[in-house]
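Undergrad:
Numbering (our numbering), first residue to last: 971 to 1240.
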């Protein structure tokens, strides 16, 4: 087990990758875990996880994708491969390969695409809500398409995002979420323009899937299909009473799953 340390301070750095300029939050020392948030969302809501990773001796690199926070770059004519290349460029610039890469919701599609396109950079892939193959049983609405504000956060995210939570969850858990609605839509479009087979299996990387059993946006069957098709390289953790934002709904269960997987992956590659 890694020795516990006090969580380190966060440093913000802008990293230029091609025509994108990406806002990255860096903390800690040790093996690197790259974190990618949901479409159009900042990485702020990963704080409870980066605190624990830093305390366990990992270094974290949380990347705001194009259009989010202070990150810039074109989104028209862009595919998932372009966003994956942005992440690869950050890893190259920081000279921190091979890295673990963790993606939540849409971010897990980017994580898998990086692992498929640049396997030399990736140690393992961690997916929180592994959607993409099996869609929601019912439409979750078009709240983001109808949102008029450039950015929403706090109470607005609570109101718009509550439908993505387990019925057992308090919607106020979404308070840390920041989202840029039009960027959310643009990010989703990049995935629609990319073949599922390009990214679905994440190359040959070791994989952890953590999914909420009450997730309506990325139904748990997605993770079960991945585990059944990819076999031993996939570890699957189902989290009861958790929906699409399981890290905020059941933080301890998710964090323990991530820490346990990282510890096992570190031992097996050491």
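All residues carry an ideal CB built from backbone N, CA and C; glycine is no exception.
1. Which runs of the beta strand (DSSP E) fall wholly inside the region 987 to 1038 and span at least 3 residues, in chain order?
2. Starting from residue 1181 and walking both ways along the beta strand (DSSP E), at which residues does that stretch end?
3. Return the residue from the list 1067, 1058 and 1104 that minimises the CA-CA distance to residue 1185.
4. Using three-state DSSP, classify residue 1149 as helix, strand or coil.
5. In three-state terms, what does DSSP make of residue 1104?
6. Determine the extent of the alpha helix (DSSP H) in which residue 1199 is found, giving its start and end residues.
7. Smallest Cα separation from residue 1041: which of 1049, 1030, 1053 and 1047?
8. Ignore the nearest five residues each way along the sequence and tell me which others in residue 971's own chain have a CB closer than 8 angstroms to its CB.
9. Under DSSP, the alpha helix (DSSP H) around residue 1079 begins and ends at which residues?
10. With 16 other CB atoms within 10 Å as the buried threshold, where does residue 1191 fall?
11. Around the C-beta of residue 1219, are 16 or more other C-beta atoms found within 10 angstroms, so that it is buried, or is it exposed?
12. For the beta strand (DSSP E) that residue 1098 lies in, which residues bound it at each end?
13. Within its chain, find whatever has a CB closer than 7 angstroms to the CB of residue 1204; leave out the 5 residues flanking it on each side and keep chain order.
14. In chain order, what residues of the same chain lie with their CB nearer than 6 angstroms to the CB of residue 1004, ignoring the 5 residues before and after it?
15. Within 10 angstroms of its Cβ, does residue 1202 collect 16 or more other Cβ (buried), or is it exposed?
16. Could you check what DSSP says for residue 1070 in three-state terms: helix, strand or coil?
17. Check whether the Cβ atoms of residue 1134 and residue 1214 sit closer than 8 angstroms, and answer yes or no.
18. Apart from the five residues on each side of it in sequence, which residues of its chain come closer than 7 angstroms, Cβ to Cβ, to residue 1142?
19. Whose C-beta lies closer than 7 angstroms to the C-beta of residue 1048 among residues of the same chain, with five residues either side of it excluded?
TA: Based on what the coordinates show:
1. 990 to 997, 1002 to 1006 and 1029 to 1034
2. Counting from 1 along the chain shown, the entry for residue 1181 is found at position 211. Per DSSP, the continuous beta strand (DSSP E) segment holding residue 1181 begins and ends at 1176 to 1182.
3. As a first step, residue 1185 must be located in the chain shown, where it is residue number 215. Looking at the Cα atoms, 1104 is the closest of the given residues.
4. Against the chain shown, residue 1149 aligns to sequence position 179. DSSP places residue 1149 in strand when its eight states are reduced to three.
5. Position 134 of the chain shown, counted from the first residue, corresponds to residue 1104. Residue 1104: coil per DSSP, three-state reduction.
6. Here residue 1199 refers to the residue found at position 229 when the chain shown is read from its first residue. Element bounds for residue 1199: 1191 to 1200.
7. In the chain shown, counting from the first residue as 1, residue 1041 sits at position 71. Measuring from the Cα of residue 1041, the nearest candidate turns out to be 1053.
8. Position 1 of the chain shown holds residue 971. Reliability of the predicted coordinates at residue 971 is poor, the pLDDT of 41 falling under 50, and no value is obtained from them.
9. Indexing the chain shown from 1 puts residue 1079 at position 109. Segment 1076 to 1087, the alpha helix (DSSP H) holding residue 1079.
10. Translated into the one-based positions of the chain shown, residue 1191 becomes position 221. Looking at its Cβ environment, which holds fewer than 16 other Cβ atoms inside 10 Å, residue 1191 is exposed.
11. Residue numbering aside, residue 1219 sits at position 249 when the chain shown is read from its first letter. With at least 16 other beta carbons inside 10 angstroms of its own, residue 1219 counts as buried.
12. Mapped onto the chain shown, residue 1098 falls at position 128. Per DSSP, the unbroken beta strand (DSSP E) holding residue 1098 starts and ends at 1092 to 1098.
13. Against the chain shown, residue 1204 aligns to sequence position 234. Hits under 7 angstroms: 1177, 1179, 1196 and 1197.
14. Taking the first residue of the chain shown as position 1, residue 1004 is located at position 34. 1031, 1069 and 1071.
15. By 1-based counting over the chain shown, the position of residue 1202 is 232. Exposed: under 16 other Cβ atoms inside 10 Å.
16. In the chain shown, counting from the first residue as 1, residue 1070 sits at position 100. If DSSP states are grouped into helix, strand and coil, residue 1070 belongs with the strands.
17. Within the chain shown, numbered from 1, the residue matching residue 1134 stands at position 164. Within the chain shown, numbered from 1, the residue matching residue 1214 stands at position 244. Yes.
18. Against the chain shown, residue 1142 aligns to sequence position 172. The residues 1128, in chain order, have a CB closer than 7 angstroms to that of residue 1142 in the same chain once the five nearest residues on each side in sequence are set aside.
19. Numbered from its first residue, the chain shown carries residue 1048 at position 78. Shown here for residue 1048: same chain residues with a beta carbon closer than 7 angstroms to its own, the five before and five after excluded, namely 1160 in chain order.
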